[in-house]
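What follows is a single structure, written as structure tokens, with notes after it.
There are 4 protein chains.
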Amino acid sequence: MNSFGRFFRLNIFGESHGESVGINIDGCPAGLSLTVEDFLPDLERRKGGTRKGTTPRKESDLPIFKSGVFNDKTTGAPLTILFENNNTRSADYQKQRDFPRPGHADFVAHQKFGGYEDFRGGGHFSGRLTVALVAAGVVAKKLLRLVRADKNDKTPSDNGISVQAAIIEIGGERDPEKGLQKAVEAKDSVGGIVECRVNGLPLGLGEPFFDSVESVLSHAVFAIPAIRGIEFGTGFAAAKMFGSQHNDPIIDERGATLTNHAGGIVGGISNGNALVFRIAVKPTSSTPKIQESLNWETGNVESFSVKGRHDLCIALRVPVVLEAVTAVVLTDFLLTAQKISRVL
Amino acid sequence: MNSFGRFFRLNIFGESHGESVGINIDGCPAGLSLTVEDFLPDLERRKGGTRKGTTPRKESDLPIFKSGVFNDKTTGAPLTILFENNNTRSADYQKQRDFPRPGHADFVAHQKFGGYEDFRGGGHFSGRLTVALVAAGVVAKKLLRLVRADKNDKTPSDNGISVQAAIIEIGGERDPEKGLQKAVEAKDSVGGIVECRVNGLPLGLGEPFFDSVESVLSHAVFAIPAIRGIEFGTGFAAAKMFGSQHNDPIIDERGATLTNHAGGIVGGISNGNALVFRIAVKPTSSTPKIQESLNWETGNVESFSVKGRHDLCIALRVPVVLEAVTAVVLTDFLLTAQKISRVL
Amino acid sequence: MNSFGRFFRLNIFGESHGESVGINIDGCPAGLSLTVEDFLPDLERRKGGTRKGTTPRKESDLPIFKSGVFNDKTTGAPLTILFENNNTRSADYQKQRDFPRPGHADFVAHQKFGGYEDFRGGGHFSGRLTVALVAAGVVAKKLLRLVRADKNDKTPSDNGISVQAAIIEIGGERDPEKGLQKAVEAKDSVGGIVECRVNGLPLGLGEPFFDSVESVLSHAVFAIPAIRGIEFGTGFAAAKMFGSQHNDPIIDERGATLTNHAGGIVGGISNGNALVFRIAVKPTSSTPKIQESLNWETGNVESFSVKGRHDLCIALRVPVVLEAVTAVVLTDFLLTAQKISRVL
Amino acid sequence: MNSFGRFFRLNIFGESHGESVGINIDGCPAGLSLTVEDFLPDLERRKGGTRKGTTPRKESDLPIFKSGVFNDKTTGAPLTILFENNNTRSADYQKQRDFPRPGHADFVAHQKFGGYEDFRGGGHFSGRLTVALVAAGVVAKKLLRLVRADKNDKTPSDNGISVQAAIIEIGGERDPEKGLQKAVEAKDSVGGIVECRVNGLPLGLGEPFFDSVESVLSHAVFAIPAIRGIEFGTGFAAAKMFGSQHNDPIIDERGATLTNHAGGIVGGISNGNALVFRIAVKPTSSTPKIQESLNWETGNVESFSVKGRHDLCIALRVPVVLEAVTAVVLTDFLLTAQKISRVL
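Protein chains in written order, with the working numbering: chain A, 313 to 656; chain B, 313 to 656; chain C, 313 to 656; chain D, 313 to 656.
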């Protein structure tokens, strides 16, 4: 349940204000060069504290290899990466324990785990755990860059497979700065849309019937907190189109299409064109605004405001996390398709 | 890969123009009454041939129990349900084998399976296999109706859990008839949007981190052919909202919320309110229009038109399939949560 | 639970006196030639009715392909093989329903499935289901024969991998005929020991930590009814040996060993030498002798004798079943190790 | 592959001379009291250094909870337990890297992982990892002790389920001291037999077809290094018996049997009697004797002796490990059977 993947299998663990968060990866091929430095750029992209609209909480976020690395290379045995939690202010959360925060997992977690859950900072439900996803993504991206097109592939590339996500809308504005400014002015949190593009992906990934590329990608994507929707290619707009508009004519023998309404997937299988999809990120639940909600202590609906340090627009931090889960899913598909070897 | 579920586990098989399609269900609780009659209403809803906009192919679609039923009750052993394919016209497909149909899996299936795939009528990729999903859904729905609210649940119901899906838009029109009429007039296929609502669902379903309700539902939903997007609650609209607008205030101790922008899921866990989500269905790839695409034989892009019998708007047949996969997913969650017993 | 395997995945179903038994195989590579004739020799080996000591029940046992085969080749989609049950005499079993047969699953099945189980002839617990295992084994063996040694392998072979099992003891006698004769004279059923040898297996199969070759093989082997023990290489005799006796000296750079006490597995991984293991088969529970046991109707312990047609020595029919599960396990390991391609 | 279990799922990681070994448990019910003290007795039983015949390597072996525990109780989120490796003498191993040790995984690990494996002390293949199994076993045993018999169970117990393993033979001697003395005198390592008994186990655990109690237990057991065989109930002796001798007459309505040749399992399902099985442990591969084997450097077979600290009889340390994997397997079965709740 806290695991994902068939061959490149993640096991995630940890809590926001517990001792650590981490990821255990089973099935990582042997012989991949791996150092702390490899992780820093993506960890930096994820980090809050340096940009308008993100939380001032700062963690050093240095990955600690606890197993699976020897002489700076992966061994083929399970890879365990730990992040210590140093910069926690649990007192903030203790104070408002009487209000299960709307939009957060506080209420459902309490019911589901009988009150035994670590509630501090959202505990195991916290966005803090995405640091572990990003770490897994770093490993996966390194593997993807090693994949070379074979002779049947449409996009022969010397750079392997690249995964890139970016914000394309905040608060309904195509200009993210403008959308963020709206939130700052309204003293409210705000949502956004993130788009992910993958280039260099070989044809033939994905498995009928239940493990279509869309199925497995969406499964992983909805593990990221705050995601409310996903669409591939033209997505929801496809529902308004005619078939003759939507179909992508095939124009050469490697499967290149004139248009890419399908977003690179047909019948659940990658078709050799760019993979394109978008996700909707809801506004951060912890808005600075005063809210009305149930007070567990009194049993009444009362006003309160959320304490703690939070992002005004969590979408800002999502792209690198989205890249990570995408890279992880594709790595798993490539191993399944025998396009990544078990020893490099 | 053709399997889905942890406890209530589906194995789907078959091809459009092969001998049969079917479903094998492992983990169905023992003691569920099950007769052919139970299946007829949903199979009828799925069937084409009776409604404007759906294919004239008619199958008798009678489920044949090959294992797992004894004295009209499930035994707890694997349940295998077969549907014979009687009404196939493979010649139609043979004729256009030289054109891999745009929007269909023809091209990718050929590459992925090395030309060994059963290409007739889309083979294993065909929408024909949804008859097997619908059958699994019938079993799952019967189980859901037996689930009784416990004392902590918000929605004490004597009718168990109900799953209902309906078309809410065709070709961009809120009035499905109007949207369909547009397609008939344009002599083109058309897409649509389907919404699914689940009432009576207990709080606490779904598992952190990777098996959120959205994760597992979307995984199953994208196994349905022609789906291009999914959104929960306010979905993509959430990306344009402020946090104070989007948050659902909790108003009582069972978790009832004033609004339901979350669509019944918070932190990946059901919160006891109605589960609501929507999916985008692309226009049927087999449009009656003449198309330009690659001719495998000549290696050139040429005009052709799709033969065979097809739906003008495949979305019309999706609601019962969407209900089926939803019911299957929820059944699995309920077994995992020990809210359905293994012997009834 | 009725599934087995990661990549070459079996789903077994059916009951002894139900409509059919069968196997669904997900993950079989595309392009394997497969005809009914391929199955006949192994099905014949398994069949009772022709040999002293086996049941007079005769089934035609013709495999019916319900999916996954097209133009006599596997398609890469799930392969479903059905066997009809024609020659059933359920009345025999009905008669003695009041006695849960000692050594059989009657009692536990009744408790576990709340009385809903199909009890006729042992239902889903019957040895009849091994016909489905044998069918899966035929497919797996065909794949194994295609595996060619690579340059590092110890046993370069043009015949691929071979799996052969044989009875090495019946009723404590090394001469099976002699052991069987003892049983005939005693008018009692009798047990035996079966040994399996695999030649041509490449080095490196098996996965630490939990998926050692022994782990996965024994998992599969204990799915065969009536098995009470398994030992690899010297097995239980190893417990009486000194380390200097038991260790197999490595004598060349491909891993050949002077002796093979390890039975071809070290550290859970195949070492390139012959894989050798043995299993203990208990005497058929349905002995012709009169037994004392609980009568469910009266609640008393009473004398009764088992009706129905049964094997005097079920071990006689085990070798081909043991080969089958062994071949299935090895196929799965070879796919995992990328030594069998997904398209042939 | 380094994972085991359906519901109570272990992920094991670490290397003998790496930074740490550990276990991640997903699916542990919430609300189980858990402190470091709970682990000490079983960790002590496993530890070498205090008994004749075991390695002088001493680790403090204090479990460190990295996630999943809050206020001394499990939270329902993944439980991660780490053991630091402090007392390593890798230089010993470095010295004999030129000889792949017979009976060890050195040779196969090198081939399988392309030389990237952490070879120090056996790396991921080391018996050191059993400390992580023992830790998982402590958690499982605490859960088993909470299981109460229900009204249909044969063995109403106020103490829950108990799991106990003991050495019953060393070097062929029923008196372990005598067998060990033989080894000390011969200056050689020696094997042994360990028996495990489980009392209080409810009827109905285990799943047809592939997840029989024997299947899943043996799968887990063969993950323990040095195991060469397993037998249930009368085991290999059953192969020499007549059916009328071997069958266990049922003597009451809860399934009690007069004898227990079946070892508590019929048809793969627990029958409410004591579960009894035995395993064969080979002599420690690292014998003090001089051995002949391949020298990787020279390519010749040469004499060498194994350096490092080792057990003369590894079987001495196996009982607590065997209890651990048994407890883990039974916990998983009990969760599957809904006889352990997800919140305590």
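Ideal Cβ placement from N, Cα and C applies to all residues, glycine included.
Here the structure is a predicted model, which is why all the values come from computation and not from measurement.
Run through DSSP, which three-state label would A/Val502 get? As a working note, residue 502 of chain A is residue 190 in the first sequence. Under the three-state reduction of DSSP output, A/Val502 falls in the strand class.
Using the three-state DSSP reduction, which class does A/Val633 fall into: helix, strand or coil? Working through the first sequence from its first residue, we reach residue 633 of chain A at position 321. Helix at A/Val633.
B/Asp354 classed as buried or exposed, judged by whether at least 16 other C-beta atoms fall within 10 angstroms: As a position in the second sequence, residue 354 of chain B is number 42, starting the count at 1. That one is buried.
In terms of residues, what are the limits of the alpha helix (DSSP H) holding C/Glu614? For the purposes of this step, residue 614 of chain C is taken as the residue at position 302 of the third sequence. C/Glu614: not part of any alpha helix (DSSP H); member of the beta strand (DSSP E) spanning 613–616, first to last residue.
Does the beta-carbon of B/Glu526 have 16 or more other beta-carbons within 10 angstroms, so that it is buried, or is it exposed? Along the second sequence, one-based indexing puts residue 526 of chain B at 214. That one is buried.
Spell out whether any CB of chain C is found under 7 angstroms from the CB atom of D/Phe521. Residue mapping note: residue 521 of chain D aligns to position 209 of the fourth sequence, counting from 1. Put simply, the CB of D/Phe521 is near chain C, with a gap under 7 angstroms to one of its CB atoms.
Going by Cα to Cα distance, which pick from B/Ile324, B/Gly427, B/Gly330, B/Leu346 is closest to B/Asn336? Within the second sequence, numbered from 1, the residue matching residue 336 of chain B stands at position 24. Residue B/Ile324 is the option with its Cα nearest to B/Asn336.
Taking the DSSP output, what are the residues bridged to D/Lys424? Translated into positions along the fourth sequence, residue 424 of chain D becomes position 112. DSSP, once it has assigned bridges, lists no residue as partnering D/Lys424.
Please identify the residue among A/Phe382, A/Phe437, A/His436 whose C-alpha is closest to the C-alpha of D/Asp430. Within the fourth sequence, numbered from 1, the residue matching residue 430 of chain D stands at position 118. Comparing C-alpha distances from D/Asp430 to each of A/Phe382, A/Phe437, A/His436 shows the shortest one belongs to A/Phe382.
Taking 7 angstroms as the threshold (C-beta atoms), are A/Glu331 and D/Lys378 in contact? Reading the fourth sequence from its first residue, position 66 is the one you call residue 378 of chain D. Reading the first sequence from its first residue, position 19 is the one you call residue 331 of chain A. Yes, these two residues count as a Cβ contact at 7 angstroms.
Is the region 532–540 of chain C close to the region 611–620 of chain C, with three or more CB pairs under 8 angstroms? No, because fewer than three Cβ pairs between the region 532–540 of chain C and the region 611–620 of chain C fall closer than 8 angstroms, the two stretches do not touch.
Between which two residues does the beta strand (DSSP E) holding D/Lys364 run? If you number the fourth sequence from 1, residue 364 of chain D lands on position 52. Looking at the DSSP string, D/Lys364 is not in any beta strand (DSSP E), and its letter there is neither H nor E.
Taking DSSP as the reference, what is the three-state secondary structure of C/Asp338? To locate residue 338 of chain C, count along the third sequence from 1; it is residue 26. Three-state result, C/Asp338: strand.
Reducing DSSP to helix, strand and coil, say where C/Thr386 ends up. Indexing the third sequence from 1 puts residue 386 of chain C at position 74. The three-state secondary structure of C/Thr386, taken from DSSP, is strand.
Starting from B/Glu543, find everything on chain G with Cβ-Cβ shorter than 9 angstroms and list it in chain order. Judged by its chain identifiers, the structure shown contains no chain G, and its protein chains are A, B, C and D.
Secondary structure of B/Lys601, DSSP reduced to three states: Position 289 of the second sequence, counted from the start, is the residue given in the question as residue 601 of chain B. In the three-state DSSP reduction, B/Lys601 falls in the coil class, being neither helix nor strand.
Suppose you measure from the CA of B/Pro390 to the CA of C/Gly334; what does that come to, to the nearest Å? If you number the second sequence from 1, residue 390 of chain B lands on position 78. If you number the third sequence from 1, residue 334 of chain C lands on position 22. Spanning the two alpha carbons is a distance of roughly 11 angstroms.
Between C/Leu374 and the rest of its own chain, which residues show a CB-CB distance below 7 angstroms, the 5 nearest in sequence each way excluded? Along the third sequence, read from residue 1 onward, the residue named residue 374 of chain C stands at position 62. For C/Leu374, where only same-chain residues beyond five positions count, the Cβ hits under 7 angstroms are Val348.
Please confirm if the region 494–502 of chain D is in contact with the region 594–606 of chain D, defined as three or more CB-CB distances below 8 angstroms between the two stretches. Taking 8 angstroms as the limit for Cβ pairs, the verdict is that the region 594–606 of chain D does touch the region 494–502 of chain D.
Going by DSSP in three states, B/Ile626 sits in which element: helix, strand or coil? What you label residue 626 of chain B is simply residue 314 of the second sequence in a count that begins at 1. Helix at B/Ile626.
When we look at the beta-carbon of C/Gly611 and count the other beta-carbons within 10 Å, is it buried (16 or more) or exposed? Taking the first residue of the third sequence as 1, we reach residue 611 of chain C at position 299. Exposed, by the Cβ-count rule.
Expressed to the nearest angstrom, what Euclidean distance is found between the alpha-carbon atoms of B/Gly317 and D/Asn399? As a position in the second sequence, residue 317 of chain B is number 5, starting the count at 1. As a position in the fourth sequence, residue 399 of chain D is number 87, starting the count at 1. Counting only the Cα atoms, D/Asn399 lies some 44 angstroms from B/Gly317.
DSSP three-state call for C/Gly541: helix, strand or coil? Within the third sequence, residue 541 of chain C is the residue found at index 229, counting from 1. Correct three-state label for C/Gly541: strand.
Given B/Leu441, which residues of its chain have a CB within under 7 angstroms of its CB, disregarding the five upstream and five downstream residues? On the second sequence, residue 441 of chain B is found 129 positions in, with the first residue counted as 1. Same-chain partners within the cutoff: Ile324, Gly326, Val333.
Using 7 angstroms as the limit for Cβ to Cβ distance, is B/Gln493 near chain D? Here residue 493 of chain B corresponds to residue number 181 of the second sequence, with the count starting at 1. For B/Gln493, the nearest beta carbon of chain D is not closer than 7 angstroms to its own beta carbon.
In this structure, how does DSSP classify D/Phe316 when only helix, strand and coil are distinguished? Taking the fourth sequence and counting its residues from 1, the one referred to as residue 316 of chain D is at position 4. The answer is strand: DSSP assigns D/Phe316 an E or B state.
Sequence-distant residues of the same chain with beta carbon closer than 7 angstroms to A/Asp418, five excluded per side: On the first sequence, position 106 is the one that residue 418 of chain A refers to. The residues are Pro412, Phe431.
Who are B/Ile324's beta bridge partners in DSSP? Taking the second sequence and counting its residues from 1, one reaches residue 324 of chain B at position 12. DSSP lists B/Ile335 as partners of B/Ile324.
Give a yes or no on whether the minimum CB-CB distance between A/Phe351 and chain D is below 7 angstroms. Sequence index remark: in the first sequence, residue 351 of chain A carries index 39 (1-based). Taking Cβ atoms only, chain D never reaches closer than 7 angstroms to A/Phe351, which makes this a no.
Cβ of C/Pro468 within 7 angstroms of any chain D Cβ: Residue mapping note: residue 468 of chain C aligns to position 156 of the third sequence, counting from 1. Because the pLDDT at C/Pro468 is just 48, under 50, the model does not fix this residue reliably, and the value given afterwards should be weighed accordingly. Judged by the 7 angstroms Cβ criterion, C/Pro468 is not in contact with chain D.
How is the beta strand (DSSP E) around C/Ser379 delimited, first residue to last? On the third sequence, position 67 is the one that residue 379 of chain C refers to. First-last of the beta strand (DSSP E) with C/Ser379: 376–379.
Counting only runs of 4+ residues fully inside the region 548–595 of chain B, write out the alpha helix (DSSP H) ranges in chain order. Taking 4 residues as the shortest admissible run, the region 548–595 of chain B contains the following complete alpha helix (DSSP H) segments, listed from N- to C-terminal end: 555–558.
Whether A/Asn585 touches A/Asp410 by CB criterion (7 angstroms): Sequence index remark: in the first sequence, residue 585 of chain A carries index 273 (1-based). Sequence index remark: in the first sequence, residue 410 of chain A carries index 98 (1-based). Not in contact: A/Asn585 and A/Asp410 (Cβ atoms no closer than 7 angstroms).
Boundaries (first-last residue) of the beta strand (DSSP E) holding D/Thr392: Numbered from 1 along the fourth sequence, position 80 holds the residue referred to as residue 392 of chain D. Counting along the chain, D/Thr392 sits inside the beta strand (DSSP E) bounded by residues 391–396.
With a CB to CB cut of under 7 angstroms and the five nearest residues on each side skipped, what residues in its chain are close to A/Ala678? The question about residue 678 of chain A has no answer, for chain A in this structure spans 313 to 656.
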